[in-house]
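K.L.:
So for the sequence shown, my numbering puts the first residue at 174; every next one is plus one.
We put the CB at the ideal spot given by N, CA and C, even for glycine.
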Amino acid sequence: MENDARRKIGERGQVTIPKELRERFGIEGGDEVVIHEEGGKLVIERSVTREQIAEGYRRRAHRDGDLTEELEGVSAEANDHLGDAPEW
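1. Do V207 and I200 have their C-beta atoms closer together than 8 Å?
2. Using C-beta distances below 6 Å, list every residue in its chain close to A178, excluding the 5 sequence neighbours before and after it, in chain order.
3. Under the three-state reduction of DSSP, which class applies to E211: helix, strand or coil?
4. In chain order, what residues of the same chain lie with their CB nearer than 6 Å to the CB of I217, ignoring the 5 residues before and after it?
Printed below as a string of structure tokens:
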């Protein structure tokens, strides 16, 4: 696979994500990522901020109209996903 990049895990469990991949996926120093298992594989994803979620709902509301009921239904799910993220 052409996107393979071998890296050694440091003694403290750290690994460096190659610059090309950081640039391609918009990951910068200081950004938060989510690390989880999916289908027996380790997955690293950019973390989604509350602001990004809110902006997505604003765009959808503009496109689709009133989303009050839907927003009420997903609020708990977003809080579970974001965990200890600061309040806004």
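P.N.:
According to the structure shown:
1. Going by C-beta atoms, V207 is not nearer than 8 Å to I200.
2. For A178, where only same-chain residues beyond five positions count, the Cβ hits under 6 Å are P191.
3. In this structure, E211 counts as strand in the three-state DSSP scheme.
4. V206 and I208.
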